[in-house]
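Novice: Counted from 1, the sequence shown has number 286 at position 286 by full-length UniProt numbering; the numbering is strictly sequential.
Virtual Cβ for every residue (Gly too), placed ideally from N, Cα, C.
The structure displayed is predicted, hence computed values, not measured ones.
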Amino acid sequence: MRVTVVQMNPGADKAANIAQATRLAEAALASDRPDIIAFPEIWTCLGGDRATKVAAAERLPEPGSNAHGGEAYEMLRSMAVANRVHVHGGSIGELAGERLRNTSLLFAPDGRELARYSKIHLFDITAPDGTGYRESATYDGGSAIVTARTGETVSGLAICYDVRFPELFLSLRQAGAELIFLPAAFTLQTGKDHWEVLIRARAIETQCWFAAPACWGQHMEPKGPRHTYGHSLICDPWGHVVARCSDGTGWASARIDRAVTERVRRDMPVLEHRRLPFAGDTPAGGRVPA
Numbered sequence: 001m002r003v004t005v006v007q008m009n010p011g012a013d014k015a016a017n018i019a020q021a022t023r024l025a026e027a028a029l030a031s032d033r034p035d036i037i038a039f040p041e042i043w044t045c046l047g048g049d050r051a052t053k054v055a056a057a058e059r060l061p062e063p064g065s066n067a068h069g070g071e072a073y074e075m076l077r078s079m080a081v082a083n084r085v086h087v088h089g090g091s092i093g094e095l096a097g098e099r100l101r102n103t104s105l106l107f108a109p110d111g112r113e114l115a116r117y118s119k120i121h122l123f124d125i126t127a128p129d130g131t132g133y134r135e136s137a138t139y140d141g142g143s144a145i146v147t148a149r150t151g152e153t154v155s156g157l158a159i160c161y162d163v164r165f166p167e168l169f170l171s172l173r174q175a176g177a178e179l180i181f182l183p184a185a186f187t188l189q190t191g192k193d194h195w196e197v198l199i200r201a202r203a204i205e206t207q208c209w210f211a212a213p214a215c216w217g218q219h220m221e222p223k224g225p226r227h228t229y230g231h232s233l234i235c236d237p238w239g240h241v242v243a244r245c246s247d248g249t250g251w252a253s254a255r256i257d258r259a260v261t262e263r264v265r266r267d268m269p270v271l272e273h274r275r276l277p278f279a280g281d282t283p284a285g286g287r288v289p290a
């Protein structure tokens, strides 16, 4: 199975972001012919004020319904059908009452929505330069751990800041995950020091493949420009980076080899060797304690 991660430079203009995503994906699909294509975090609107983010957000159809969604939802679903590929929609702003959720969507080649996951861990931090980020001012956190089957492979869903919480990924591994999608918009400051290190650590701990599409570049916000790190990558269960982007927009692709997963897990059966419980002992579809 071949996976492509798309690296974007989105701004506050939703229509322009959809056009950029479509252009990059069409080029990647024609060039690399993946079975799964994946987009970064909040690629529909990165920048602008809260009102801009709310305006770009979409109210999602009920799971299992045939109802139409918003522009980004339908673009992702149409791309899956037109190209007969799985599409991981990165994440978009989901309207949930008066608040938003940061939500990933996964579509089958026939256009069915296979899974949706709302980011559990919200990015409320102070960066080394003193810049504060308060994702919880706009978004509510999710609580469900989500896996879905993509062909013969079980895929787990996570988003960006989630990567700093290993119990989530161990829970996904226990739920059967072999491939984990991690769309992100890592800041330049944290990304240059932590992005690759964290993904490789989670891959080694869980013995899973990671597909991590990221936003890159400058994004204008009311307080001034925000810079994201990019460097989208695909990592194998041994912790090797097998494909990556650098700066700029583009994509990277790699073949997900289940034989590698089976060999790594057979030769080093870390789940069998676990002796201590952890806070994330939660099955897929379960709830994370409040």
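1) Would you call E272 buried or exposed, if buried means 16 or more other Cβ atoms sit within 10 Å of its Cβ?
2) Specify the secondary structure class of A212 as computed by DSSP and reduced to three states.
3) Which residue or residues does DSSP assign as beta-bridge partners of N102?
4) In this structure, how does DSSP classify P166 when only helix, strand and coil are distinguished?
5) In angstroms with no decimal places, state the Cα-to-Cα distance between G132 and C160.
6) So the candidates are E74, P109, A56, N102; which of them puts its Cα closest to the Cα of C80?
7) How many angstroms separate the CA atom of T150 from the CA atom of V87?
8) Per DSSP, which residues does I180 bridge with? Please list them.
9) What number of angstroms, rounded off, separates the C-alpha of S104 from the C-alpha of H219?
10) Using three-state DSSP, classify L233 as helix, strand or coil.
11) Would you say H121 and F165 are within 8 Å of each other, going by their C-beta atoms?
12) Among the residues of its own chain, which have a CB less than 8 Å from the CB of A127, if the five just before and after it don't count?
13) Whole angstroms is fine: what's the gap from A290's alpha carbon to I145's?
14) Whose C-alpha, out of T228, R173, R200, D32, is nearest the C-alpha of K192?
15) Between P225 and Q7, how many whole angstroms is the CB-CB distance? I'm expecting something under 8 Å.
Specialist: Judging by the given coordinates:
1) As a first step, residue 272 is located in the sequence shown; it is residue number 272 there, counting from the start. Around the Cβ of E272, a 10 Å sphere holds fewer than 16 other Cβ atoms; the residue is exposed.
2) Sequence index remark: in the sequence shown, residue 212 carries index 212 (1-based). Reduced to three states, the DSSP call for A212 is strand.
3) Taking the first residue of the sequence shown as 1, we reach residue 102 at position 102. Paired residues: G93.
4) Translated into positions along the sequence shown, residue 166 becomes position 166. Note: P166 maps to helix in three-state DSSP.
5) For the purposes of this step, residue 132 is taken as the residue at position 132 of the sequence shown. For the purposes of this step, residue 160 is taken as the residue at position 160 of the sequence shown. Taking the CA atoms as reference points, G132 sits about 17 Å from C160.
6) The residue labelled residue 80 in the question sits at position 80 within the sequence shown. Note that residue 80 is Ala in the sequence shown here, rather than Cys. Taking only the C-alpha atoms, the option nearest A80 is P109.
7) Mapped onto the sequence shown, residue 150 falls at position 150. Mapped onto the sequence shown, residue 87 falls at position 87. If I take the Cα positions, the gap works out to 10 Å.
8) In the sequence shown, the residue the question calls residue 180 occupies position 180. Answer is G156, F210, bridged to I180.
9) By one-based count along the sequence shown, residue 104 stands at place 104. By one-based count along the sequence shown, residue 219 stands at place 219. About 21 Å.
10) Start at 1 with the first residue of the sequence shown, and residue 233 comes out as number 233. The answer is strand: DSSP assigns L233 an E or B state.
11) As a working note, residue 121 is residue 121 in the sequence shown. As a working note, residue 165 is residue 165 in the sequence shown. Cβ distance < 8 Å, so H121 and F165 count as in contact.
12) On the sequence shown, residue 127 is found 127 positions in, with the first residue counted as 1. Only Y133, T187, Q189, T190 meet the Cβ criterion.
13) Translated into the one-based positions of the sequence shown, residue 290 becomes position 290. Translated into the one-based positions of the sequence shown, residue 145 becomes position 145. Interpretation of A290 is limited by its pLDDT of 44, a score under 50 that renders its predicted location unreliable; the figure taken from the coordinates is listed afterwards. Put simply, the backbone Cα of A290 is about 13 Å away from that of I145.
14) Counted from its first residue, the sequence shown places residue 192 at position 192. It is T228 whose Cα lies nearest to the Cα of K192.
15) Residue mapping note: residue 225 aligns to position 225 of the sequence shown, counting from 1. Residue mapping note: residue 7 aligns to position 7 of the sequence shown, counting from 1. Not quite, the Cβ-Cβ distance comes to about 18 Å (not below 8 Å), so this is no contact.
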